[in-house]
Amino acid sequence: RQGNPKLFGMICAHYKFSDDGANRNLLSTLELSYRSSVPVIETVNKVFQTTLFPPADEKGMLRRAIKAMQFKTHSSAPTAAAQPGCVMMAEMPEKDVRKKAYAIAELIRKLDPFNPQRKKSLTVGILVRTNDSGTELADILIGEGLNVTVDGKLDPTQSLAFSAYKQMLRLAAHPADKMAQGFLDMLRFDGQKVSLPDAEEIRKIITRQGFYAFTHKFMKIFHGMTPFDLSRMKVVETAALRADQSENRTIDEFLAELDLLKESASSIRNTVQIMTIHKSKGLDFDIVIMPETSRSNGNIVKRRHSNDIAIRKDENGLEAQWISFLPNSAFIPLLPEVRKYSEEADFAACYENCCNLYVAMTRARNALYIFNDPAPENATAVQYADFLRAALEGKCPIEKIEQGRRFTDDFMSPVCVSYVCGDPEWFRKDTPRKDKELTPSGLAEKQEKDFRLKLREESRIETVIPVKRPCRIKPSAAHEKEQTYIFREQKAADLGTRLHDILAEFGFYTNDSDVSAFLQNRCTAAEELQLLSSFFRSPEIQNALLMPAGRYELWREKRFLSTLDNGIINGCFDRVLIRLADDGTIVDAEILDYKSDRDVTPETLQERHAPQLDLYRKVLANLIHLDSAKIRCTLLSIRYGFAVSF
39 RQGNPKLFGM
49 ICAHYKFSDD
59 GANRNLLSTL
69 ELSYRSSVPV
79 IETVNKVFQT
89 TLFPPADEKG
99 MLRRAIKAMQ
109 FKTHSSAPTA
119 AAQPGCVMMA
129 EMPEKDVRKK
139 AYAIAELIRK
149 LDPFNPQRKK
159 SLTVGILVRT
169 NDSGTELADI
179 LIGEGLNVTV
189 DGKLDPTQSL
199 AFSAYKQMLR
209 LAAHPADKMA
219 QGFLDMLRFD
229 GQKVSLPDAE
239 EIRKIITRQG
249 FYAFTHKFMK
259 IFHGMTPFDL
269 SRMKVVETAA
279 LRADQSENRT
289 IDEFLAELDL
299 LKESASSIRN
309 TVQIMTIHKS
319 KGLDFDIVIM
329 PETSRSNGNI
339 VKRRHSNDIA
349 IRKDENGLEA
359 QWISFLPNSA
369 FIPLLPEVRK
379 YSEEADFAAC
389 YENCCNLYVA
399 MTRARNALYI
409 FNDPAPENAT
419 AVQYADFLRA
429 ALEGKCPIEK
439 IEQGRRFTDD
449 FMSPVCVSYV
459 CGDPEWFRKD
469 TPRKDKELTP
479 SGLAEKQEKD
489 FRLKLREESR
499 IETVIPVKRP
509 CRIKPSAAHE
519 KEQTYIFREQ
529 KAADLGTRLH
539 DILAEFGFYT
549 NDSDVSAFLQ
559 NRCTAAEELQ
569 LLSSFFRSPE
579 IQNALLMPAG
589 RYELWREKRF
599 LSTLDNGIIN
609 GCFDRVLIRL
619 ADDGTIVDAE
629 ILDYKSDRDV
639 TPETLQERHA
649 PQLDLYRKVL
659 ANLIHLDSAK
669 IRCTLLSIRY
679 GFAVSF
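Here the sequence shown is numbered in our numbering, starting from 39 and rising by one per residue.
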């Protein structure tokens, strides 16, 4: 803030770094990128070497700012050039922050940057121009189930799982707290109500084993947490471990610390990081998304306001010559000194905005995605989007545009691709992770390492370092009723769970031979193979799992933690099929749920599971913003091969 961009040049001039003497190599421009892929660098060259500017730049200030940057043609170093990559610019059909956020969420899901099968997960940065817009975008993306951090911070208070955790602690310290008890009464697991925790038992765990042990047991209950909730609870887990080593820590003191808890996530992969362009300086991301190229008051050529304070400095930008409020804009042309200051200030702001655009584009290692709002008619302000359109539209082959349109065809929020450089399918070129062939000594070393990690994880539950116990273990009020202990250990995965895991990988039914090959590659027990082979031979099941005609979106094993009027629902969709119109809008949807119940008929299966599926219908309606009447629920019996829809 208030930095002096002339300072570096002044030092260079003073020490004559640019002379032809012995120091001539100390001053050079950065033209070789060791970070960005070829498509990113090619696009940066097109933008900052353009000769085409938007009509709104009638005074040529943007043109002069780009010239003042003294930009030289960039190139990628051999290591960077070997990276796959893509740059894509898309136009939104209307100015709607929520629809743009949905399109960004679909893009991230399609890129699948955090897939564990990758050699290394990809980093994702969404660069915005203001903190407020970043927070607004984060709220929408969190609602879409993405693991999001804002300004590189993980905030546990954003998580519903954390809210439940905090209320359990509050109830343990204050059993008569009706608000905490009412919150916990709303909890549902997989659509079913759970028993309240035993406050006395929670106090015993914290007293004897510490906050970490309680946190660990809590996370076992919420075994189906989304990545967003899980990452926040990992922060709490670390705080609990620290709290166990503190002196005389009470439950109330720990709760007070949790309310202020935030942890830096700049080094944590598997999160979508949202930050301002200013804060992204010096960082890089495998994938960069720029959603805010058009916004109110987002003029590249900044207009001075009458309530601005003008500080006129000397030519070196060091000493103030005069300070004044700016007069009304109508009077500025009549005051030569003020007019000169205003023009210089506007140019400096324009130059800085161009530099910020350069920073944003060059943060990308592999891929850059730009989302523009529609251009307003008769615009007088010059937006980033206007500049990028003038520089990039028509600068790529029509075949590339078609590739980009095919890539975005299945987006529920329609976008119009206007520029593509590189391969839209670049992210598929990352080969799956393969285990290295180990020598006998290497294998022994790996086994020892795995053993130590397992031993460390098991021992952490009892806390290796002695626990400093809370000084107050007596509750603030007596229990008003008997409660059921919630911390039951989770049993090993049974047959039903293993069947669900196999079915989670199944796409659509095509023919018996494909199904047979699918099962042979995944079933590890004869009972699994027998049950699923019989399941797929059923005409009702085959019909339910056919690929639909037209556009669609398929979810498999999608976990959620969502609020409804009657409570907080924690669950998992086995399979959801969303049918789309040609323009990408949602037509209807179907929830398909696999059941392995024994001794059931279609009627008894529906009667048993209809309450759960009705809740799931409401959750899905909220998630995709669709009338619940357009959502059908179907139960698929694994053991008996029938389908029940309602």
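Positions of the beta carbon are idealized from the N, C-alpha and C atoms, including for glycine.
As the structure is a computational prediction, the values presented were derived from the model and not from experiment.
Check whether the region 407–423 touches the region 182–190, taking contact to mean three or more Cβ pairs, one atom from each stretch, closer than 8 Å.
-> Below 8 Å, too few C-beta pairs join the region 407–423 and the region 182–190 to call them touching: fewer than three.
What residues in its chain sit with their C-beta under 7 Å from that of Ala582, if we drop five residues either side in the sequence?
-> Indexing the sequence shown from 1 puts residue 582 at position 544. For Ala582, where only same-chain residues beyond five positions count, the Cβ hits under 7 Å are Leu630, Thr672, Leu674 and Ala681.
My guess is that Phe323 and Gly163 are in contact by the Cβ rule of under 8 Å, so how many angstroms apart are they, rounded?
-> As a position in the sequence shown, residue 323 is number 285, starting the count at 1. As a position in the sequence shown, residue 163 is number 125, starting the count at 1. Indeed they touch by this definition, with Cβ atoms about 3 Å apart.
State yes or no: is the C-beta of Glu96 nearer than 8 Å to some heavy atom of the ligand FAD?
-> The model on display carries no ligand, and the ligand FAD is accordingly not part of it.
Please work out which residues of its chain come closer than 6 Å, Cβ to Cβ, to Glu238, disregarding the five sequence neighbours upstream and downstream, and give them in chain order.
-> Within the sequence shown, residue 238 is the residue found at index 200, counting from 1. Taken in chain order, the list of residues that qualify is empty.
Which residue spans inside the region 127–174 form an unbroken alpha helix (DSSP H) run of at least 4?
-> List check, alpha helix (DSSP H) in window: 135–149.
Closest by CA to Ala648, which one among Phe684, Ile436 and Ser554?
-> As a first step, residue 648 is located in the sequence shown; it is residue number 610 there, counting from the start. With distances taken between Cα atoms, Ala648 lies closest to Phe684.
List the residues that DSSP assigns as beta-bridge partners of Gly609.
-> Indexing the sequence shown from 1 puts residue 609 at position 571. Partner residues in the beta bridge of Gly609, as assigned by DSSP, are Phe598.
Beta-carbon contacts of Ala358 that lie in its chain and below 6 Å, excluding the five residues immediately before and after = Taking the sequence shown and counting its residues from 1, the one referred to as residue 358 is at position 320. The residues are Ile349 and Lys351.
In angstroms with no decimal places, state the Cα-to-Cα distance between Ala51 and Glu382.
-> The sequence position of residue 51 within the sequence shown is 13, counting from 1. The sequence position of residue 382 within the sequence shown is 344, counting from 1. Roughly 22 Å between the two C-alpha positions.
Rounded to a whole number of angstroms, what is the C-alpha to C-alpha distance between Met48 and Asp177?
-> Within the sequence shown, residue 48 is the residue found at index 10, counting from 1. Within the sequence shown, residue 177 is the residue found at index 139, counting from 1. Roughly 44 Å between the two C-alpha positions.
Output the boundary residues of the beta strand (DSSP E) element that contains Gly460.
-> Numbered from 1 along the sequence shown, position 422 holds the residue referred to as residue 460. Residues Cys454 to Gly460.
Taking only the alpha-carbon atoms, compute the straight-line gap between Phe544 and Phe598 and give it to the nearest angstrom.
-> Sequence index remark: in the sequence shown, residue 544 carries index 506 (1-based). Sequence index remark: in the sequence shown, residue 598 carries index 560 (1-based). The straight-line gap separating the alpha-carbon atoms of Phe544 and Phe598 is approximately 20 Å.
Distance between beta carbons of Ile606 and Leu321, contact taken as under 8 Å = The sequence position of residue 321 within the sequence shown is 283, counting from 1. The sequence position of residue 606 within the sequence shown is 568, counting from 1. So it is not a contact: roughly 35 Å between Cβ atoms.
Straight-line Cα distance separating Lys255 from Pro412 = Working through the sequence shown from its first residue, we reach residue 412 at position 374. Working through the sequence shown from its first residue, we reach residue 255 at position 217. Approximately 50 Å between the Cα atoms of the pair.
Would you kindly work out how many angstroms separate the C-alpha atoms of Leu293 and Leu299, rounded to a whole number?
-> For the purposes of this step, residue 293 is taken as the residue at position 255 of the sequence shown. For the purposes of this step, residue 299 is taken as the residue at position 261 of the sequence shown. Taking the straight line joining both Cα atoms gives about 10 Å.
Give the secondary structure of Glu295 by DSSP, where H, G and I count as helix, E and B as strand, and everything else as coil.
-> Walking along the sequence shown from the start, residue 295 turns up at place 257. In this structure, Glu295 counts as helix in the three-state DSSP scheme.
Limits of the unbroken beta strand (DSSP E) element including Ile349 = Mapped onto the sequence shown, residue 349 falls at position 311. Ile347 to Lys351 is the extent of the beta strand (DSSP E) around Ile349.
Residue span of the alpha helix (DSSP H) that contains Gln219, given as start and end | Along the sequence shown, one-based indexing puts residue 219 at 181. Note, Gln219: alpha helix (DSSP H), Lys216 to Asp223.
Give the DSSP-derived three-state secondary structure of Cys124 in the structure shown.
-> Here residue 124 is taken as the residue at index 86 of the sequence shown, counted from 1. Three-state result, Cys124: strand.
When you compare only the Cα positions, how much space is there between Gly183 and Asn153?
-> Start at 1 with the first residue of the sequence shown, and residue 183 comes out as number 145. Start at 1 with the first residue of the sequence shown, and residue 153 comes out as number 115. So the alpha carbons of these two residues sit roughly 15 Å apart.
What's the C-alpha gap between Thr264 and Ala139?
-> As a working note, residue 264 is residue 226 in the sequence shown. As a working note, residue 139 is residue 101 in the sequence shown. Between Thr264 and Ala139, the C-alpha separation is close to 19 Å.
Find out if the Cβ-Cβ distance for the pair Thr314, Gly172 is shorter than 9 Å.
-> For the purposes of this step, residue 314 is taken as the residue at position 276 of the sequence shown. For the purposes of this step, residue 172 is taken as the residue at position 134 of the sequence shown. Yes, they are a contact pair.
How close, in whole Å, do the beta carbons of Ser571 and Gly679 come, if the pair is a contact with beta carbons under 8 Å?
-> Position 533 of the sequence shown, counted from the start, is the residue given in the question as residue 571. Position 641 of the sequence shown, counted from the start, is the residue given in the question as residue 679. The pair is not a contact, with the Cβ atoms about 10 Å apart (cut-off 8 Å).
Assign Leu615 to one of three DSSP states: helix, strand, or coil.
-> As a working note, residue 615 is residue 577 in the sequence shown. Residue state for Leu615 is assigned as strand, using DSSP reduced to three classes.
What residue from Leu664, Val553, Leu426 and Thr562 has the CA that sits closest to Gln694's CA?
-> Because the chain here runs from 39 to 684, residue 694 falls outside it and cannot be looked at.
Expressed to the nearest angstrom, what Euclidean distance is found between the alpha-carbon atoms of Leu225 and Trp464?
-> Residue 225 sits at position 187 when you count from the first residue of the sequence shown. Residue 464 sits at position 426 when you count from the first residue of the sequence shown. Approximately 42 Å between the Cα atoms of the pair.
Please state if the CB of Ser634 and the CB of Leu569 are separated by a distance shorter than 9 Å.
-> Within the sequence shown, the letter at position 531 stands for residue 569. Within the sequence shown, the letter at position 596 stands for residue 634. Yes; because the gap between Cβ atoms is below 9 Å, this pair is in contact.
Enumerate in chain order the residues of its own chain whose CB-to-CB distance from Leu664 is below 8 Å, with the five nearest sequence positions on each side excluded.
-> Within the sequence shown, numbered from 1, the residue matching residue 664 stands at position 626. Excluding residues within five positions, the ones whose Cβ falls inside 8 Å are Ile624, Asp626, Ala627 and Leu658.
If you scan the region 388–438 from start to end, which runs of the alpha helix (DSSP H) of 4 or more residues do you find wholly inside it?
-> 422–430
Where does Ala202 land, buried or exposed, given buried means 16+ other C-beta within 10 angstroms?
-> For the purposes of this step, residue 202 is identified with residue 164 of the sequence shown, where counting begins at 1. With 16 or more Cβ atoms within 10 Å of its Cβ, Ala202 is classed as buried.
Cβ contact (3+ pairs, closer than 8 Å) linking the region 403–410 and the region 113–127 | yes
Closest by CA to Pro151, which one among Thr331, Lys467, Ala115 and Gly588?
-> Numbered from its first residue, the sequence shown carries residue 151 at position 113. Selected option, being the one with the closest Cα: Lys467.
Where Arg196 and Val273 are concerned, what is the direct C-alpha to C-alpha distance, given to the nearest angstrom?
-> Within the sequence shown, residue 196 is the residue found at index 158, counting from 1. Within the sequence shown, residue 273 is the residue found at index 235, counting from 1. The sequence as given places Gln at residue 196; Arg does not occur at that position. Distance between the alpha carbons of Gln196 and Val273 is about 12 Å.
Spatial neighbours of Thr400 in its chain, beta-carbon cut-off 8 Å, leaving aside the 5 residues before and after | Taking the sequence shown and counting its residues from 1, the one referred to as residue 400 is at position 362. For Thr400, where only same-chain residues beyond five positions count, the Cβ hits under 8 Å are Ser71, Arg73, Ser74, Val78 and Val82.
Three or more C-beta pairs below 8 Å linking the region 425–440 and the region 90–106 | yes
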